[in-house]
Every structure is written in structure tokens, then in C-alpha cells.
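Asker: Residue numbers (full-length UniProt numbering), protein chains in the order written: chain A, 1 to 226; chain B, 1 to 226.
2 protein chains.
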Amino acid sequence: MLTSLERPKTLKETSLERLREAITMGYFLPGERLVERTLCEQLGVSRTVIRECIQHLESEQLITVVPNAGPSVATLNPHEVQEIYEIRTMLESAAIASCAAIASETTVATLEAYCDKIARSLLDHDIKQALVDTRMFYHTIFSEGEKWVAWDLVERLNGRIGQLRAVTLSSKGRSTAGPRNLRAITAAIKQQDPDTAAEACAKHLQQAMTIALNELQKPKEDVLDG
Amino acid sequence: MLTSLERPKTLKETSLERLREAITMGYFLPGERLVERTLCEQLGVSRTVIRECIQHLESEQLITVVPNAGPSVATLNPHEVQEIYEIRTMLESAAIASCAAIASETTVATLEAYCDKIARSLLDHDIKQALVDTRMFYHTIFSEGEKWVAWDLVERLNGRIGQLRAVTLSSKGRSTAGPRNLRAITAAIKQQDPDTAAEACAKHLQQAMTIALNELQKPKEDVLDG
DNA sequence: TTTTTGCATATTGTATACCATCATACAAAA
DNA sequence: TTTTGTATGATGGTATACAATATGCAAAAA
Numbered sequence: 001m002l003t004s005l006e007r008p009k010t011l012k013e014t015s016l017e018r019l020r021e022a023i024t025m026g027y028f029l030p031g032e033r034l035v036e037r038t039l040c041e042q043l044g045v046s047r048t049v050i051r052e053c054i055q056h057l058e059s060e061q062l063i064t065v066v067p068n069a070g071p072s073v074a075t076l077n078p079h080e081v082q083e084i085y086e087i088r089t090m091l092e093s094a095a096i097a098s099c100a101a102i103a104s105e106t107t108v109a110t111l112e113a114y115c116d117k118i119a120r121s122l123l124d125h126d127i128k129q130a131l132v133d134t135r136m137f138y139h140t141i142f143s144e145g146e147k148w149v150a151w152d153l154v155e156r157l158n159g160r161i162g163q164l165r166a167v168t169l170s171s172k173g174r175s176t177a178g179p180r181n182l183r184a185i186t187a188a189i190k191q192q193d194p195d196t197a198a199e200a201c202a203k204h205l206q207q208a209m210t211i212a213l214n215e216l217q218k219p220k221e222d223v224l225d226g
Numbered sequence: 001m002l003t004s005l006e007r008p009k010t011l012k013e014t015s016l017e018r019l020r021e022a023i024t025m026g027y028f029l030p031g032e033r034l035v036e037r038t039l040c041e042q043l044g045v046s047r048t049v050i051r052e053c054i055q056h057l058e059s060e061q062l063i064t065v066v067p068n069a070g071p072s073v074a075t076l077n078p079h080e081v082q083e084i085y086e087i088r089t090m091l092e093s094a095a096i097a098s099c100a101a102i103a104s105e106t107t108v109a110t111l112e113a114y115c116d117k118i119a120r121s122l123l124d125h126d127i128k129q130a131l132v133d134t135r136m137f138y139h140t141i142f143s144e145g146e147k148w149v150a151w152d153l154v155e156r157l158n159g160r161i162g163q164l165r166a167v168t169l170s171s172k173g174r175s176t177a178g179p180r181n182l183r184a185i186t187a188a189i190k191q192q193d194p195d196t197a198a199e200a201c202a203k204h205l206q207q208a209m210t211i212a213l214n215e216l217q218k219p220k221e222d223v224l225d226g
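1) Helix or strand or just coil, what does DSSP make of Pro71 of chain B?
2) Which runs of the beta strand (DSSP E) at least 3 residues long sit entirely within the segment 56-120 of chain A? Give them in chain order.
3) Give the range of the alpha helix (DSSP H) segment to which Gly162 of chain B is assigned.
4) Which residues of the UniProt domain "HTH gntR-type" (9-76) of chain A have a Cβ closer than 7 angstroms to any Cβ of chain B? Give them in chain order.
5) Can you find a C-beta in chain B that's less than 8 angstroms from the C-beta of Gly226 of chain A?
6) Flag Glu83 of chain B as yes if its beta-carbon sits less than 8 angstroms from any beta-carbon of chain A, otherwise no.
7) Taking just the CA atoms, how far does Lys172 of chain A sit from Leu122 of chain A?
8) Could you check what DSSP says for Arg7 of chain B in three-state terms: helix, strand or coil?
9) For the alpha helix (DSSP H) holding Asp133 of chain B, just list the boundary residues, first then last.
10) Using the rule of at least 16 other Cβ atoms within 10 Å of the residue's Cβ for burial, across every protein chain shown, is Glu133 of chain B buried or exposed?
11) Determine, for Val223 of chain A, whether the minimum Cβ-Cβ distance to residues of chain B falls below 8 angstroms.
12) If contact means a Cβ-Cβ distance below 8 angstroms, which residues of the segment 81-115 of chain A contact chain B?
13) Where does Ala69 of chain B land, buried or exposed, given buried means 16+ other C-beta within 10 angstroms?
14) Apply the 10 Å Cβ neighbour rule to Arg37 of chain A and answer buried if 16 or more other Cβ atoms are within range, or exposed otherwise.
15) Considering only DSSP beta bridges, list what Arg33 of chain B is partnered with.
16) Using CA coordinates, which residue listed in B:Asp116, B:Ser143 and B:Ile141 is at the minimum distance from Ala130 of chain B?
17) Please tell me whether Ser93 of chain A and Ala187 of chain A are closer than 8 angstroms, where the distance is taken between their beta carbons.
18) Quick one: using the 10 Å Cβ neighbour count with 16 as the cut-off for buried, is Thr106 of chain A buried or exposed?
19) Would you say Val149 of chain A lies against chain B (beta-carbon separation less than 8 angstroms)?
20) Go to Ser175 of chain B, then tell me how far its alpha helix (DSSP H) extends in each direction, as first and last residue.
21) Report yes if the C-beta distance between Thr176 of chain A and Ala212 of chain A is below 8 angstroms; otherwise report no.
22) Among B:Val81, B:Gln207, B:Ala166 and B:Glu13, which residue has its Cα nearest to the Cα of Lys147 of chain A?
23) Judging by CA-CA distance, which residue of B:Ile87, B:Ile50 and B:Ala22 is the nearest neighbour of Met209 of chain B?
Encoded structure:
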């Protein structure tokens, strides 16, 4: 019996995924030094594989490599975060507007289902699941509008602010405000109202950015306290 | 005497630049297979370095890597090209509008100088120089607005349509229309008129996209002819 | 003739060993 | 206190080896 017809993943692929996850989920701290040999042992692969992963992560700007000194986890400054949210606003607003103009009923139903699921996850404090489903919510929207290039960019930008997003989602009051915004977006799409949908998106991201920028300050205070 | 205080570039860096240039300038054809050993000999470096470059280029989507079959130069379909120009329009319009709101006189003077230089290069059919200076024109605008993340995205998107851009610039009638558009953008920035500036940008890119999409059809006809 | 099978070859994925150079931290000397 | 060595460890880069996979081509079958 055939249990899997999929191509087996290469070691580089799986290692890359694990490293990416470790960085975006905050397992490695911003600025933390990544030593090749250590990563080899932790992932059980050769230096060859690790070095290839490092090139990928560098290109994705999840890590910074200074020649002869090696890679470390990328750090974000407030200006970068602000810019990332600005660009996300442009890309996501446009995608949502496109989607609103053409969305089928099944798509709207899918979006509504994700809204419910996300709200439940947040009530259960299951942040990780909420992140996954939020991603799927947007993925549905970008797919409907066939915005594949834009989706790719959004994913990369989100990767860079991954650490912040987790905290943003779990932030105080966000467990109700977030889903409320997503429902507003969904409602506007349902009514085929591109402008309202785009505006709801912009408002949503504006709120998220404010929280993220606040979050970015906190760690510094911790250092000063200690 | 010290002739250079700069850090010497690593082999990976120079190799990557050369490969990127070779692809974006069309030295390698879209879809063409890239064999590691061959690249090693052509660049005079080891397989390790080439493989690291491949990771970078894959992440930049200049090449496509299928496991166990190796890398080949990425191909573009019309939908992707259209999307890339759409996104460029968003990012560049926004940057230009920001720039228009704050631009200093020296910046405007710099932009005007680039417009002249580009026009001259095009009259001399020096496409490569025109591309370089067009890049600098936009770089000036994004720098003025401190849009570094956006600039990075624009550069990557431009890399993907590099082959098309060269032909677009040298296209019939483009040697006057292109600079005229850039001058319109510059003029609007000079008058601190963000809306007009953004609109001029959108119009410019709309024209460029039309030419690029036409260009994308041509090679197929060649195949049919042969 | 056309299609299928099977094999030889080329290429990739991965590991390992090696070395020169560079960075860093720490000890010694000024 | 500042400077200078110096030891250690990490990186940039090379070479080599080998299994697994892909590809092209020839032989066999239809």
C-alpha cells in the first residue's frame, strides 16, 4: 500500500523550516549569535546543510551575517517595524479590495469560519493556533484575488516580525479586538464593498502596529531594570 | 599608502553578484539549466560557494530549484509580471508621495540631473547605463523618504523582471517617453505635490508594464517560427 | 515503426576532513 | 590604565567521497 506519494523532503528543507520556526517563534532571541557547529549538533546535520540554511535565512533577513564573524538573529528597530506594517497595509488592503469585488459565497463562508476559529483559539489562549488560522484567513483572501506575488511578500514581512506578532495577538484586549476587526473585513467582503473592506484592514493593522511598537520597547526596559 | 579601507569581499559575495548580474541581464536564458560544476569552473570557485549562491538566488526567486534535479533560471508568466508591476506601483507611488512632501532642493536637483543623464544615455543607446541611473533616480527618492524596507522589496521585484526591463527601456519610442515620465515625477516632487507625483509614477509604470507584457510574448513566436 | 525497458552516465544531496584567516577574550607588559 | 601579544575558537573556502536520483540512449518488445 502506498502511504505517501510526496517527494521526501531534503535535509536542507526540513532544517530550514525548523530554524525558521525557531527564529520567528522567538526560540532564539534577537541579536543572539548562531554558531554553525552548535546548530549542526542541535539539528543532527552536517555543516554543509547548515551553511546552506544560513544563506537562505540571510536572504530572508531573519538573520544577519557579518563576514568572518558569523550569523546572528536579526534585530528590528521601530522604523523597520513601522515600514513593514505600512507595506503590509498596502498589500493587504489591495488584496482585500480585490477579493471583495469578486468573492464567492463559499469563500466568504470560509472566512467566517476562520474568524470563529480564531476567536475560540484566543479565548483558550492558544496563540500558536490563532496565528496559524489568521494566516489561513489572509491566505484565503490572497488566493481568491490570485495575488501570489503579494502573498509571498506578506509572508516574508510577517516572518521578520514573527516574534512581535505572537505577543501582539496575545496582548491585553486583543483577544476581542482582533477577531472583531477580521469580522468587519469579512462583512465588507460579503457585501462586496471594497473600500470599506480595505479601510477595515488598514484600521486593523494600525492597531496591531501600535501594540507591536510598544512591545518593541519593553525588552530594553528589562535590561535597564536588571 | 592605504588604497582601500573597505572590507574585502568574500568569494561568495562576488560570485553571487556575478551570477545575479548574469541572470538579470539575460546572459542565462529563462528556464536554462544551471549545473553546479559548470558554474564552479566558470567562476573559479568551489562547489560550496556555488551552492551558497544558489540558496540566495533561490530565495530571491531568480532561479528555481527542484530537488535532485538542480537549479534553473526562473521563468515569468504574464500574471506574475502584471502583479510585480502592480506592487511596484503601490510601493513607488507611496515613496514618491512621501518624497514630494519633504523633498529638499538638493534632492530635486539630484533627480533632475539623473533625468538628464538617463535621457542622454538612451539617445546613445547605452541601455545598461540608463538602467543604472534609473535605479539611482528611484534610490534617491526612497532614501529621501527613508523607505528602506520598501526599497529592498522594489529591488528584488526589479531583479525578477530584469530581462524584461532592459528590453522595455530600449523599446521603440521609449527613449523619449521614459525620461518624459521621470521629469513629470520630478516636477511634481519639486512642487511638493504628492498626488500628482504618485499619479505620474503610476502612469509611467502602466506604460512600462504594457511594453513588458508584449515583450514576454515575443520569444514564443520565435520558437514557433523556427 | 513506435513504445517500453533497462542500463550507463551525469548530477545532486550530504558528510567529512582540512586549512588559512579572522575575531575575541584574556593575560602580560608598558 | 592603556597597549600589546597570544591562545582559542569560528568562519570562509577547498577537496573528496559516496549514495540516491535524474536523464539520455540503446536494446528489446510490441
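Glycine is no exception: its CB is placed at the ideal position from the N, C-alpha and C atoms.
Answerer: Judging by the given coordinates:
1) In the structure shown, Pro71 of chain B sits in a strand (DSSP, three-state: E or B).
2) Counting whole runs of 3 or more residues, the segment 56-120 of chain A contains the beta strand (DSSP E) stretches 63-66 and 70-73.
3) In the DSSP assignment, Gly162 of chain B falls within the alpha helix (DSSP H) that extends over Gly162 to Ser170.
4) Listed in chain order, the positions of the UniProt domain "HTH gntR-type" (9-76) of chain A with a beta carbon within less than 7 angstroms of a beta carbon of chain B are Thr10, Arg51, Glu52, Gln55, His56, Ser59, Glu60 and Pro67.
5) Annotation note: pLDDT 32 at Gly226 of chain A (below 50); position unreliable, no value reported.
6) Yes, Glu83 of chain B counts as interfacial toward chain A.
7) Between Leu122 of chain A and Lys172 of chain A, the C-alpha separation is close to 11 angstroms.
8) In the three-state DSSP reduction, Arg7 of chain B falls in the coil class, being neither helix nor strand.
9) Looking at the DSSP string, the run of the alpha helix (DSSP H) that includes Asp133 of chain B is Ile127 to Glu144.
10) Checking the displayed sequence, the identity of residue 133 of chain B turns out to be Asp instead of Glu. It counts as buried.
11) At Val223 of chain A, the pLDDT of 42 sits below 50, so the modelled position is not reliable; the number obtained from the coordinates is stated separately. For Val223 of chain A, the answer is no, since every Cβ of chain B falls outside 8 angstroms of its Cβ.
12) Taking 8 angstroms as the Cβ-Cβ cut-off, the segment 81-115 of chain A approaches chain B at Glu83, Ile84, Glu86, Ile87, Met90, Leu91 and Ala94, given in chain order.
13) It counts as exposed.
14) Its Cβ having fewer than 16 others within 10 Å, Arg37 of chain A is exposed.
15) As a beta-bridge residue in DSSP terms, Arg33 of chain B pairs with B:Ser72.
16) Nearest to Ala130 of chain B by C-alpha distance, out of B:Asp116, B:Ser143 and B:Ile141, is B:Asp116.
17) Not in contact: Ser93 of chain A and Ala187 of chain A (Cβ atoms no closer than 8 angstroms).
18) Exposed, because fewer than 16 other Cβ atoms sit within 10 Å of the Cβ of Thr106 of chain A.
19) Yes, contact with chain B.
20) If you look at Ser175 of chain B, you'll find it in the alpha helix (DSSP H) that goes Arg174 to Lys190.
21) Cβ distance not < 8 angstroms, so Thr176 of chain A and Ala212 of chain A don't count as in contact.
22) Looking only at B:Val81, B:Gln207, B:Ala166 and B:Glu13, the smallest Cα-Cα distance to Lys147 of chain A is reached by B:Val81.
23) Met209 of chain B has its Cα closest to that of B:Ile87, out of B:Ile87, B:Ile50 and B:Ala22.
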